[in-house]
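Undergrad: Provided herewith is a single structure, encoded as structure tokens, for subsequent inquiry.
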Amino acid sequence: MKSNETRVDALKRVALETARRLYWCIRRPRFLEVFGPPGSGKGTLCKELAPLLGIAHLSTGDVFRRHIAAQTSVGRLAKSYIDAGQLVPDDVTVALVRQELLRPAYWKGALFDGFPRNLLQAELLDELLAKSGTGIERAIVLDVDEDTLVWRLSNRRTCSNQSCGRTYHLQSKPPQVPGICDVCKSALYQRPDDVPEAISARLSTYRTVSEPVGNFYAGKAVVIKPTRDTTEQEVVSQVTAALSGRRE
Ligand code: AMP
Numbered sequence: 231m232k233s234n235e236t237r238v239d240a241l242k243r244v245a246l247e248t249a250r251r252l253y254w255c256i257r258r259p260r261f262l263e264v265f266g267p268p269g270s271g272k273g274t275l276c277k278e279l280a281p282l283l284g285i286a287h288l289s290t291g292d293v294f295r296r297h298i299a300a301q302t303s304v305g306r307l308a309k310s311y312i313d314a315g316q317l318v319p320d321d322v323t324v325a326l327v328r329q330e331l332l333r334p335a336y337w338k339g340a341l342f343d344g345f346p347r348n349l350l351q352a353e354l355l356d357e358l359l360a361k362s363g364t365g366i367e368r369a370i371v372l373d374v375d376e377d378t379l380v381w382r383l384s385n386r387r388t389c390s391n392q393s394c395g396r397t398y399h400l401q402s403k404p405p406q407v408p409g410i411c412d413v414c415k416s417a418l419y420q421r422p423d424d425v426p427e428a429i430s431a432r433l434s435t436y437r438t439v440s441e442p443v444g445n446f447y448a449g450k451a452v453v454i455k456p457t458r459d460t461t462e463q464e465v466v467s468q469v470t471a472a473l474s475g476r477r478e
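Just so we're aligned: the sequence shown equals residues 231 to 478 in my numbering.
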């Protein structure tokens, strides 16, 4: 039993884990991940790609932001790291992913976005999936130059409605009405980690801690190199073509 679990919760978790393991062994779920620096367009790509692949999108950043909005203990702990542009500690992040993967939404598989972000997380994820005879099928690597990343992040505005979460760019993709989401009409905001100090901390963490994860998945990598002018639809087409072995 985990330290913060009641007996009933522990029994429920073990029952769910067993049911999921059996399901995974029979139904062969698909697990893919989108990997790249902050601002490379992982979230936008995943929102389009997950329904095309028929699996659910699992963004650890979004799950943390949901916990922050709900003021849970995980949310309170994660907030200080996220606002400073630092990674949330591995034990918290991996426990969060384990918990998420118990949800039936992920039983057919998942498109990971922002996880794993360091080698330890990559190894723990491999271990977790291998226990059920499965593993990461492909890692889609978004390789974007640093000037473009800074330009994208500092101009990014995000829909405050968590279930929408669409993003805009003040120059290249502004909303029709300033400050309002075109789709759900909620207010847009600038993420606290999209300000200059946090952006440079995030990019430096990516270079030192996350980039080696790309090598971990080298044999499974599909590398896409979007520029400032590449449209979201072009990225989706390049990825789907690469996954199905076509040439674009
Ligand atoms: P994202 O929305 O993917 O840019 O994530 C926002 C922030 O959430 C990151 O800058 C980290 O602070 C935290 N975060 C998201 N995923 C992870 C992860 N796999 N490991 C540690 N921290 C994470």
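Note that beta-carbon positions come from the ideal geometry of N, C-alpha and C, so glycine has one too.
(1) State buried or exposed for glycine 339, treating a residue as buried only when at least 16 other CB atoms are found within 10 Å of its CB.
(2) Is it the case that the CB of arginine 437 approaches a heavy atom of the ligand AMP more closely than 8 angstroms?
(3) How would you call threonine 248, buried or exposed, if buried means at least 16 neighbouring beta carbons within 10 angstroms?
(4) Please confirm whether any heavy atom of the ligand AMP lies closer than 8 angstroms to the CB of threonine 378.
(5) Thinking C-beta only, is proline 268 closer than 9 angstroms to isoleucine 429?
(6) Any heavy atom of the ligand AMP inside 8 angstroms of the beta-carbon of proline 346?
(7) In three-state terms, what does DSSP make of lysine 403?
(8) Starting from histidine 287, follow its DSSP beta bridges and name the residues at the other end.
(9) What span of residues does the beta strand (DSSP E) with arginine 386 cover, start to end?
(10) Compare the beta carbon distance of alanine 286 and isoleucine 298 with 9 angstroms and say whether it is the shorter of the two.
(11) Considering only C-alpha positions, which residue in the set Glu263, Val452, Leu418, Thr274 is nearest to threonine 460?
(12) Is it buried or exposed, asparagine 445, if we count other Cβ atoms within 10 angstroms and call 16 or more buried?
(13) Compute the minimum distance between the beta carbon of tyrosine 311 and the heavy atoms of the ligand AMP, and state whether it is under 8 angstroms.
(14) Give me the Cβ distance between proline 422 and aspartate 412, rounded to the nearest whole Å; I'm assuming they're in contact under 8 angstroms.
(15) Does DSSP put tyrosine 398 in a helix, a strand or coil?
(16) Start and end of the alpha helix (DSSP H) containing alanine 249?
(17) Rounded to a whole number of angstroms, what is the C-alpha to C-alpha distance between serine 362 and arginine 251?
TA: Short version:
(1) The residue is buried, with at least 16 neighbouring Cβ atoms inside 10 Å.
(2) no
(3) exposed
(4) no
(5) yes
(6) yes
(7) strand
(8) Leu341
(9) Arginine 386 -> beta strand (DSSP E) spans 386-389.
(10) In this structure, alanine 286 keeps its C-beta atom at 9 angstroms or more from the C-beta atom of isoleucine 298.
(11) Thr274
(12) exposed
(13) yes
(14) Their Cβ separation, rounded to whole angstroms, is 23 angstroms, which puts proline 422 and aspartate 412 out of contact at 8 angstroms.
(15) strand
(16) 237-257
(17) Cα to Cα, serine 362 sits roughly 6 angstroms from arginine 251.
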